[in-house]
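Going by numbering that gives the first Met the number 0, the first residue of the sequence shown is number 0, and it counts up by one from there.
All remarks here apply to the structure that follows.
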Amino acid sequence: MNETYTAFAGFAQTWGLLYFMILFGIVLAYALWPKNRKKFDDAAQIPFRED
Numbered sequence: 000m001n002e003t004y005t006a007f008a009g010f011a012q013t014w015g016l017l018y019f020m021i022l023f024g025i026v027l028a029y030a031l032w033p034k035n036r037k038k039f040d041d042a043a044q045i046p047f048r049e050d
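Okay, structure coming up:
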């Protein structure tokens with residue numbers, strides 16, 4: 000059982016890291032994409048609006 004756990008832990012650590020790095024890159028690209036700038040600028044101004 001110890002070998003199984005070690006193999007699974009190694010697999011999860013390696014591929015989990017890769018998965019989260021790719022996910023971070025996608026989120027970062029989405030946040031910095033020029034097309035989304037107006038949407039994020041509008042959302043940033045919501046707290047300052049007077050209704």
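Note that CB positions come from ideal geometry on N, CA and C, so glycine has one too.
Small disclaimer: the values here were computed from a predicted structure and weren't measured.
For residue i, which residues in the same chain have their Cβ closer than 6 Å to its Cβ, ignoring the five residues on either side in sequence?
i, result
"G16", "One point to set straight first is that residue 16 is Leu, not Gly, in the sequence displayed. Nothing meets the Cβ criterion."
Which residues mark the beginning and the end of the alpha helix (DSSP H) in which residue i is found?
i, result
"R36", "R36 to A43"
"E49", "It is not in any alpha helix (DSSP H) - E49 carries neither H nor E in the DSSP assignment."
"W14", "N1 to L31"
Can the beta-carbon of residue i be found closer than 9 Å to that of residue j?
i, j, result
"A30", "F19", "no"
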